[in-house]
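Everything below concerns the one structure shown next.
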Amino acid sequence: MKLLETIKEGAKKFGQKFLTSNKKQKKRGPAKAEPADGDELSMTQKLESVPVHESAYHRSHAPHHQSRLDKLVEKYPKLAFLKIIIPDKQSWIRRFWRRYNLSRILAIAVAGFVLFTAAYLFYLAKTTNVSDLQDALKSSTVIYDRKGKEAGTLMGNKGTYVELDQISDDLEHAVIATEDRTFYKNHGINYKRFVLAILTAGHFGGGSTITQQLAKNAYLSQEQTVTRKAKEFFLAVELNKKYSKKQILTMYLNNAYFGNGVWGVEDASQKYFGTSAANLTTDEAATLAGMLKGPGIYNPLYSTENATNRRNTVLQNMVNAGYLKEADAKSFKAVDMSSRLQDTYSGKDEKYNYPSYFDAVVNEAINKYGISEKDILNNGYKIYTELDTNYQDGMQTVYADTSLFPTSPTDGSSAQSASVAIDPSTGGVRSLVGRLNSTDNPTFRAYNYATQSSRSPGSTIKPLVVYSPAVTEGYDIDEDLPNTVQDYDGYAPSNYGGIESEKVPMYQALANSYNIPAVYLLHEMGVDTAFDYGKKFGLNMDKVPKNLGVALGGSVTTNPLEMAQAYSTFANGGVMNESHFITKIETASGKSVVEYKKASSRVVSKSVSDKMTSMMLGTFSNGTAVSANAYGYTMAGKTGTTETSFNEDLIGDEWVIGYTPDVVIAQWMGFEHTDENHYIIDNYGASDNVFSQTASYILPYTKGTEFTQKNAYASDGQDLTYDASNKNSSSNSDESKGIIDKIQDAADDAKKKVDKAVDDSGIVEKAKDAWNTIKGWFE
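Written as structure tokens, this is what we have:
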């Protein structure tokens, strides 16, 4: 109680003291009325009567505080947010900020964020395998075939790797004097410049050390951001721990870019001065060192003036660093740049032997395994694949003969085509060609029709979404189906050429690719059935309209790789294995990066698969693929065509898919853009011919496993038009000659029909007239 009384008394005296002071300052306002005798001011009243005095400290410091902030924001506009964090002294934000201790909360939040970010970046640096960098820079990425033999290489951003003793001392000195004068003393970081770069969001500071530049070139992008700078910091620390200074400098000089597609000092020396890195003169060394800042700006092939000025700057840096005498520098500055230039660079020793296949491998590594293109090209990986070079060589041989492919009747441009061969037992892609002329001046990761296109499958979809579910639901393969036009609420599909007949057995309907029976079956089973099976076979059915047209491929899009995978189900007893190119990826030192894990699913039972194969054997023996056979081999499969939107007698896409128990080959042919100037008139069976030749190259290299299923035609007691087991059916026999004559007669008849349809439509003449008009504009 005594303590409380003491506090009250002290407060009373404190209030009275300031009341007295207030009376003396009349100028600040009228005096307040004194309390009557006997009245006592409450403590609150007394304190409220005390005038507010601005301290001398605030009077002298507040304006300076604001002006400093204004000046800082004026110099660095990106720091304008500080005006919100540090508001005007008298503002309500300031009062609110103080009341809830937001400054303390913000400080804790910022500190936490910084610590978390630093920990994350430190983790990235620690988990980045810097120990493999030297091996990676020395090695090219190698692609191996399925037997483990080297099939090709990817050079990426690499040149000829040389050790430091094969690089002139002048170049070493020029680089250190210009890029990082404290290189041999620092710990991989220039701390002053790094902090400035962070504080100014990466826009100031610059001047990364050689170690930081190596980290950036080897692992990071070239963007100027705080995040990239921070990553660079931690990686540089790790590199400095792992490697000696000479090793770091060697890697840096071999991994630096010098313009014109040239990487590394050895190739740059050959490109610009026609000599090795070991034999560079001092002025040549200074020129190359100067190009590191901007290989486009200071390139002597682009601007000798810029290159000369930059060279002279580097020479002066060498003088200032003590590597060169002033007099020597003066004489080197006088050297005419043009007199030094000489190009003896022969290019990269890259073996991109199978462009389409290698492109697909790179795409799979990127899209499936998340490895960046930069890492694939530059990290010296060992990529093991399913490639069979015998298959691939044969396929590329066929596709190199452009005379085999149809051309536009108006401008003569060639149709495109793509082909894929996979092993049905594993899903491994054995060979692939993604476009015509893929081996002539190949473009890295060019558009690949085998894996990236979206084309209508035509009748090749029938075994997947119609006949497989029909057999599964109990339809017999010799069950009779209607083959006259049926009307389904206004949808009345017809067969190609308007052919109609009495009921036909299912196997014959499939082999001859009749449309009417296929649509009839789907109508009986329900459209949802087709969608369920399409998805099971790996097709994308998400945006396909649910109607009977799906039985003929309407609105469905796919590519040869997807179709090869789908048909592998029939070659593998009803089980579909995921198609893939890569089996494993290792680092340059042999550490595992990727290991393929087999993925498979049972789509149909073995019984259904066998019945489907029995029917599809008929496609190649008696149906639409007779002329696509590889002589002496038995195949099963399906063909498909799509008609153009402007003339149902002209072809937009052609498919041939054939398989044995050992291999599935899927081939597509068509123009990139089908229009009235670009369509296929398949007078001579170009698609069949290309498939036949491709299969003839591939099949001799398979195991030669024979079908255990019997051809449905033979089971029904019918003769086979083509029978590979018939040793007498040689090209010289009368029977074979008769078959060939029949095929030729059929082709001639088809040609006449198509020619008549084209003539009647007048499309060719109209297209030619339009083409001549266009050509006339440029004559």
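Heads up, the sequence shown is in this note's numbering, so the first residue is 984 and it goes up one at a time. C-beta atoms are modelled at their ideal positions from N, C-alpha and C, and glycine is treated no differently.
The alpha helix (DSSP H) that contains residue i, what's its start and end?
i     : result
M1559 : From DSSP, M1559 is part of no alpha helix (DSSP H) but of the beta strand (DSSP E) over V1558 to N1560.
V1454 : S1451 to T1455
A1492 : M1489 to A1494
G1516 : Going by the sequence as given, residue 1516 is Tyr instead of Gly. First-last of the alpha helix (DSSP H) with Y1516: V1510 to K1519.
S1610 : Taken as a continuous stretch (DSSP letters only), S1610 belongs to no alpha helix (DSSP H), as it is neither H nor E.
I1231 : K1228 to N1238
Q1195 : I1193 to Y1202
V1158 : D1152 to E1162
P1060 : Run containing P1060: none; DSSP gives neither H nor E here.
Q1548 : P1543 to A1554
S1708 : Element bounds for S1708: n/a, residue is neither H nor E.
Work out the CA separation of residue j and residue i for me, nearest whole Å.
i     : j     : result
T1455 : T1570 : 47 Å
V1403 : F1216 : 47 Å
G1509 : A1547 : 26 Å
A1272 : R1294 : 8 Å
R1129 : D1645 : 15 Å
I1405 : N1373 : 13 Å
Y1684 : T1617 : 15 Å
Y1680 : S1597 : 25 Å
S1484 : P1476 : 14 Å
K1334 : G1135 : 5 Å
T1657 : Y1430 : 17 Å
S1032 : A1063 : Confidence is the limiting factor: at S1032 the pLDDT is only 49, short of 50, which leaves the residue's position unreliable, though a coordinate-based value still follows. Roughly 40 Å between the two C-alpha positions.
D1342 : L1370 : 13 Å
R1428 : L1360 : 12 Å
I1349 : I1159 : 37 Å
S1592 : Q1469 : 29 Å
S1515 : E1347 : The sequence given here places Asp at residue 1515; Ser does not occur at that position. Going from the Cα of D1515 to the Cα of E1347 covers about 27 Å.
V1609 : W1246 : 54 Å
Y1174 : L1197 : 17 Å
P1425 : A1549 : 29 Å
Q1117 : D1358 : 14 Å
G1615 : F1603 : 12 Å
T1270 : G1244 : 17 Å
In the DSSP assignment, find the unbroken beta strand (DSSP E) run with residue i in it and report its ends.
i     : result
T1625 : A1619 to E1626
V1412 : V1412 to V1416
D1463 : D1463 to N1466
A1678 : From DSSP, A1678 is part of no beta strand (DSSP E) but of the alpha helix (DSSP H) over A1669 to I1681.
V1639 : I1634 to Y1642
M1652 : V1647 to G1653
Would you kindly check if the distance between the Cβ of residue j and the Cβ of residue i is under 7 Å?
i     : j     : result
V1297 : T1161 : yes
M1652 : S1400 : yes
N1555 : P1452 : no
I1460 : A1695 : yes
M1138 : K1331 : yes
K1589 : G1557 : yes
L1544 : T1434 : yes
G1668 : H1563 : no
V1125 : Y1352 : no
V1113 : K1225 : yes
A1157 : A1261 : no
P1278 : F1241 : yes
K1228 : L1147 : no
V1145 : E1249 : yes
S1575 : G1363 : no
Shorter than 6 Å, the distance from the beta carbon of residue i to the closest heavy atom of the ligand FMN, or not?
i     : result
N1694 : Within the structure as shown, the ligand FMN is missing, as the structure has no ligands at all.
Inter-stretch contact (C-beta, 8 Å, three-pair minimum) for the segment 1409-1419 and the segment 1325-1333: Contact between the segment 1409-1419 and the segment 1325-1333 is absent, because fewer than three Cβ pairs lie under 8 Å.
In chain order, each alpha helix (DSSP H) run of at least 4 residues that lies wholly inside the segment 1324-1398: DSSP runs (the alpha helix (DSSP H)) wholly in the segment 1324-1398: 1338-1350, 1356-1361 and 1372-1383.
Ranges of the alpha helix (DSSP H) found wholly within the segment 1254-1317, counting only runs of at least 4: Correct list: 1265-1274, 1287-1303 and 1309-1316.
Validate contact between the segment 1481-1496 and the segment 1513-1526 using beta carbons, cut 8 Å, 3 pairs: Taking 8 Å as the limit for Cβ pairs, the verdict is that the segment 1513-1526 does not touch the segment 1481-1496.
In chain order, each alpha helix (DSSP H) run of at least 4 residues that lies wholly inside the segment 1106-1142: Segments of the alpha helix (DSSP H) lying fully in the segment 1106-1142: 1116-1121.
At least three beta-carbon pairs within less than 8 Å, the segment 1430-1448 to the segment 1533-1549: Output reads yes: the segment 1533-1549 touches the segment 1430-1448.
Touching by the beta-carbon criterion (3+ pairs, under 8 Å), the segment 1625-1642 and the segment 1683-1703: Taking one beta carbon from each stretch, the segment 1625-1642 and the segment 1683-1703 have fewer than 3 pairs nearer than 8 Å; the two do not touch.
Three CB pairs or more closer than 8 Å across the segment 1612-1623 and the segment 1637-1652: As far as the Cβ criterion goes, the segment 1612-1623 touches the segment 1637-1652, which means the pair count is three or higher.
At least three beta-carbon pairs within less than 8 Å, the segment 1280-1295 to the segment 1303-1321: By the Cβ test, the segment 1280-1295 is in contact with the segment 1303-1321, since at least three Cβ pairs between them sit closer than 8 Å.
Any 3 or more C-beta pairs closer than 8 Å across the segment 1230-1247 and the segment 1299-1312: No: the two stretches stay apart, fewer than three of their Cβ pairs being nearer than 8 Å.
Segments of 4+ residues assigned as alpha helix (DSSP H) that fall wholly inside the segment 1556-1608: Counting only runs of 4 or more, we get 1589-1604.
Sufficient close CB pairs (3 or more, under 8 Å) joining the segment 1241-1255 to the segment 1166-1173: These segments do not touch.
Inter-stretch contact (C-beta, 8 Å, three-pair minimum) for the segment 1498-1509 and the segment 1461-1481: Segments in contact, yes.
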